[in-house]
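Worksheet: the structure to be examined is printed underneath.
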Amino acid sequence: MINRRKFIRHSVLSTGAILLAQNLNARIPSTNSFPLVISTWAPNVKANKVAWEVLANGGRALDAIEKGVMVTEADPDDTSVGYGGLPDRDGNVTLDACIMDELGGCGSVMCIENIMHPVSVARLVMEKTPHVVLVGRGAFEFALKNGFKKENLLTASSEKFWKEWLKTSMYNPMDTMKHMKQKRAPGSIDNHDTIGMLAMDVNGNLSGACSTSGMAFKMKGRVGDSPIIGAGLFVDNEVGAATATGVGEEVIRMCGSHTVVEAMRYGKSPKEACQLAVERMYKLRKNNLNDMQIGFIAVNKSGEIGAFSLREGFNYCYRSGEGLDVVNDAEFLLKK
Ligand code: SD4
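Take 870 as the starting number for the sequence shown in my numbering and just add one per residue.
Encoded structure:
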């Protein structure tokens, strides 16, 4: 049942003061605290804000997450998503995105080039085609036919990183990511990353989306978990939704986001479900991990949220019916 009175009270509160709280585990919203939006990584507070405007006006979760993810896709300073994303080893910016709504609808584009908003193309694949996935050239041509502009997505700064990388051409996905982050914001490890966003609207309906430029300097044609339904994202409107970040190969291997949603179906809380998925991956792969990271966020049908990662350093942000922007560090498995 919709708790509309509670929603209105919280909306009024939220117009009074928007606070940014860091690491306030106590603020994790209680049952029925919706609408809400939750995203991977702290800098996506800016994306949540735009999604929240849709939700606070009674809009559909699907519209909220599309608008929210577009903010990060258009940000040239986020080198993991959309415009400004770091290229593959040949200098091509190739993007992956998917979207899923409350009706079991889903759409995805993989390895699309020169299109600023792959999340919106994924939505059109869902709404206008009999298919779920379009890749590469086909996805690009479909976007052009639907009014998207061809754009150069390689910024001068990302091109510079790529040229620097070419000097050694050493490929270790996690090292590359950490190196780039240190260069961009010394001392900070959270200035950018793939966006996975989940939202619940005033009607209690769930949607989600995920968008990324994938691993920097990947092989041409490489696709990670982010555009794969069930791996990078899964939504079941009767149960909950989940999305992933980190080394996509590991998330694909164990159908990560679907695993999280299934665990919630059988009674786990969102945090417990994320933890179960991380533990399952660790059990399977503990001899092949190197220093890689994966993390999940999840929301259940009651509006409870949770997150969990393999290692320290994963954070997420949300805005709920309480009208606050909150950034939290996820709990993690491998304590030092
Ligand atoms: C991928 N999962 O392409 C994405 C990358 C990512 O944090 O999430 N980075 O594998």
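Quick reminder that beta carbons are idealized off the backbone N, C-alpha and C, glycines included.
Treat the numbers as computed from the prediction; the structure is a model and nothing was measured.
Might you give, ordered along the chain, the residues of its own chain that have their beta carbon closer than 7 angstroms to the beta carbon of residue i, omitting 5 neighbours on each side?
i	result
residue 1202	1147, 1148, 1151 and 1179
Output the distance between the C-alpha atoms of residue i and residue j, rounded to the nearest integer angstrom.
i	j	result
residue 1145	residue 1172	19 angstroms
residue 1029	residue 1067	33 angstroms
residue 1108	residue 973	12 angstroms
residue 1191	residue 1083	33 angstroms
residue 886	residue 903	Residue placement at residue 886 is flagged as unreliable, the pLDDT there being 30, under the threshold of 50; a coordinate-derived value is accordingly withheld.
residue 1073	residue 932	14 angstroms
residue 1069	residue 905	5 angstroms
residue 956	residue 982	10 angstroms
Kindly examine the ligand SD4 and report whether one of its heavy atoms sits closer than 7 angstroms to the Cβ of residue i.
i	result
residue 1116	yes
residue 1062	yes
residue 1084	yes
residue 1094	yes
residue 941	no
residue 1178	no
residue 963	no
residue 949	yes
residue 1077	no
residue 1128	no
residue 998	no
residue 1101	yes
residue 1112	no
residue 1037	no
Spell out whether any CB of chain B is found under 8 angstroms from the CB atom of residue i.
i	result
residue 1027	Among the chains of the structure shown, chain B does not appear; only one protein chain is present.
Under 8 angstroms Cβ to Cβ from residue i, same chain only, skipping five residues before and after it: list those, please.
i	result
residue 1163	1113, 1114, 1115, 1116, 1119, 1120, 1125, 1147, 1150, 1178 and 1179
residue 996	974 and 976
residue 898	Residue placement at residue 898 cannot be trusted, given a pLDDT of 47 that sits under 50; what the coordinates show is reported in the next sentence. Cβ neighbours of residue 898 beyond the five flanking positions: 905, 1172, 1173, 1174, 1187, 1189, 1190 and 1191.
Based on the DSSP output, what are the partners of residue i in its beta bridges?
i	result
residue 1183	Answer is none; residue 1183 lacks a bridge partner.
residue 969	975 and 1077
residue 1115	1163
residue 1177	1165 and 1200
Within a Cβ cutoff of 6 angstroms, which residues of the same chain sit near residue i, ignoring the five residues on either side of it in sequence?
i	result
residue 1022	952 and 962
- prompt: For the 8 angstroms Cβ check, are there 3 or more pairs between the stretch 931-949 and the stretch 999-1013?
  reply: no
message: Can you confirm whether the stretch 1087-1096 touches the stretch 918-929 when touching is taken to mean that 3 or more C-beta pairs between the two stretches lie within less than 8 angstroms?
response: no
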